[in-house]
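Encoded as structure tokens, the structure appears first; notes follow it.
Protein chains in written order, with my numbering: chain U, -3 to 354; chain E, -8 to 374.
Encoded structure:
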């Protein structure tokens, strides 16, 4: 596998200014503060974290909807931040985004057909008569929309269908990388699964690389090969899904997993490790380890020296001086997580059982 | 069991609109005992919010029609006069709304809003009410309540606003707290805090809670009993254990299999519910769920199922499904074992085919195997 995207020490600070005529900067919101990771071709990387941890800003920096304060993003060896004009346009063709809110991310005054064909207009593709419409209808069919609804407006569609329109627009140019920023959090439970399955199928068919951002940990586990956990603008833990969800090492990951409600009234019982308070302001983050103000395992060292991302027992990397031990993991995680439901060995349909019970 | 604190009997709420009559709630019944928690689950537009708003008299208008009874403290909330209703609302029965930012008035300090809620119901001096407001904010876990009480809602974070809402609802120590999607807009960590807070307060104050949500994880954590709503009706009702361990309605199965669960193998396919919720103006005939039900039979499109007690479970577990109980049990066991929905569909049609052959043969052709495969259990059942 080759590396598709390489992120190194990515930083985005939003200045806080004071004064009306003569403005001076009095501080900065450190939305993303030194994030590094790689994404391999064809894999799904999940990014999780609480509101305000910099997930969405990271996504926008990756496809250069924003300029980073410092750091580099290289996409297939090219530094995204240095691209201009046509080169940037070509780059955008390979990286597309699906947004969170299917209501505000579609222009209400355009028909679905023209929304999905916009990428073709921008990149001047399918110029022959009728070709564009044909391609758009193919795409609509592919994402499970009725191609005859080509001339309808977004308000005529339900939330789930609108998100499908967003997905169709994103895959129109056959990108290499798809960034999905909370694609299902605005949808009803029964509809979420439809969109998740669609994204998974498309990824398999088109060989897409997917960056999947969400705050719902069970959805991320379902979708992603590897998961990065962010807290206040930093990646605090990065591991494969199997490792992260069974042996989290960073206390923050442990707390997140401990907080997930489990849809099983008996299997979910555990010693809940509740985090107190809210996420500190990213304008004035705590010193050294940013989690030390809420961390149940904090020691004096944590407010003194910042922990670096290091490989921990289990194989993932985490930034913590005092990572969780196996015993702590066992008591804090939902019992259901560590002791997975076992499927009966004989998955073969056992229809004759019906007679005995009838 | 003692008399329930709160009981809804055959409640129907419809709204007259220019497009037609919206049957938002269509004959639902449930009871809540003091100190217990009922979870109401369903998609948007299933009528879960309307039913609880009606309990507080908040759906009364010229264009709405409300039938049935809502008994609370031996008063019928449906027929209660407006001024009597106002005495109950916010006093003995309180509600936490979904969106704390729009439910709090942006123009008044959080403290003043709390004071107003208290002074509306009891004669309390302003200073005493203020002191109690600080106490309440402390109770719901807002740090530094003395400073926070004179702040405006926009100075609070999402989780704190929700806590302030809870504090306001608790101001008069209600006997019943209705929480409408109290955690939907919040992060998991804050959600866990709020749920723990509700549980703790329930223990200390002994109040009953109705929690309305679409998140099955949340109800599994907190609810004693669960009612599943679809298209304005309760399609299944039972204890949390019954609903999660032997659910009896295809819609409940759909909800359970369409969410990724932390305790399932990671590569498991999700089984979404096809289609989308029906319009409440033109509801589907027969079983309202039939257009989306994978196990639908021809007869289900005509016959309207009633809530019936599930055989083998205590009388508290009821479900409105036309499939036979043993078939349902097998389908759910099949789904639990990760079997292909197709083979389960075949099982469903086989059993019903044996019970009462569908009037038109065209349906049988949809499941071609039925005619050829003589080994299907349903046919043997009949013999």
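Here a beta-carbon is modelled for each residue, glycine too, at the ideal position from N, C-alpha and C.
Uninterrupted alpha helix (DSSP H) stretches at least 4 residues long and entirely within the segment 43 to 83 of chain E occur at 73 to 79, given in chain order. For the 9 Å CB-CB criterion, residue 162 (chain U) and residue 113 (chain U) do not form a contact. Around the beta-carbon of residue 255 (chain E), 16 or more other beta-carbon atoms lie within 10 Å, marking it buried. Its chain contains -1, 218 as the residues whose beta carbon lies nearer than 6 Å to that of residue 21 (chain E), once the 5 sequence neighbours on both sides are disregarded; these appear in chain order. At least 9 Å separates the CB of residue 38 (chain E) from every CB of chain U.
Contact of residue 263 (chain E) with chain U is assigned, a C-beta pair being separated by under 9 Å. Rounded to whole angstroms, the separation of the alpha carbons of residue 38 (chain U) and residue 200 (chain U) is 9 Å. DSSP places residue 86 (chain E) in the strand class (E or B) of the three-state scheme.
Residue 138 (chain E) and residue 145 (chain E) have their alpha carbons spaced roughly 14 Å apart. Take the alpha-carbon of residue 186 (chain U) and the one of residue 179 (chain U): they are about 14 Å apart.
Its Cα nearest to that of residue 214 (chain U), the residue U:253 stands out among U:253, U:-2, U:93. Per DSSP, the beta bridge partners of residue 3 (chain E) are E:17, E:58.
Boundaries of the beta strand (DSSP E) around residue 169 (chain E): 167 to 171. With 16 or more other Cβ atoms inside 10 Å of its own Cβ, residue 88 (chain U) counts as buried. Short of 8 Å from the beta carbon of residue 184 (chain E), and not among the five residues preceding or following it, lie these beta carbons of its own chain, in chain order: 132, 150. Within the segment 294 to 306 of chain E, contact with chain U at the beta-carbon level (separation under 9 Å) is assigned to no residue.
Under DSSP, residue 220 (chain E) takes part in a beta bridge, and its partners are E:225. By alpha-carbon distance to residue 244 (chain U), the top candidate from U:258, U:217, U:61 is U:217. Non-local beta-carbon contacts of residue 290 (chain U) in its own chain, meaning distances under 7 Å to residues more than five positions away in sequence, involve 271, 272, 273 in chain order. With at least 16 other beta carbons inside 10 angstroms of its own, residue 182 (chain E) counts as buried.
Taking a beta-carbon distance threshold of 9 Å, residue 104 (chain E) does not count as an interface residue toward chain U.
DSSP places residue 2 (chain U) in the uninterrupted beta strand (DSSP E) bounded by -1 to 14. Note: residue 104 (chain E) is not bridge-paired with any residue in the DSSP secondary-structure output. Here residue 246 (chain U) is not near residue 44 (chain U), since their CB atoms are 9 Å or more apart. Secondary structure at residue 24 (chain E): coil, using DSSP grouped into helix, strand and coil. In this structure, residue 87 (chain E) sits away from residue 220 (chain E), with a CB-CB distance that is not shorter than 9 Å. At a Cβ-Cβ threshold of 9 Å, residue 132 (chain U) and residue 155 (chain U) do not count as neighbours. Contact note: residue 129 (chain E) does not reach chain U at a C-beta cutoff of 9 Å; the least C-beta distance is about 14 Å. The beta-carbon distance between residue 52 (chain U) and residue 209 (chain U), rounded to whole angstroms, is 7 Å. This is short enough to meet the 8 Å contact definition. Contact residues of the segment 171 to 198 of chain U toward chain E are 184, 185, 186, 187, 188, 189, 190, 192, 193 (C-beta to C-beta distance below 8 Å). At a cut-off of 9 Å between beta-carbon atoms, residue 46 (chain U) makes contact with chain E. If you check the CB distance, residue 98 (chain E) and residue -4 (chain E) do not come in under 9 Å.
Within the same chain, Cβ atoms closer than 6 Å to the Cβ of residue 316 (chain E) are found at 302, the five residues on either side in sequence being excluded. With contact defined as three or more Cβ pairs closer than 8 Å, the segment 190 to 209 of chain E and the segment 158 to 178 of chain E are in contact. Spatial neighbours of residue 307 (chain U) in its own chain (CB-CB distance under 7 Å, excluding positions within 5 residues in sequence) are listed in chain order as 313. Shown here, residue 99 (chain E) sits in coil according to DSSP, grouped into three states, outside any helix or strand.
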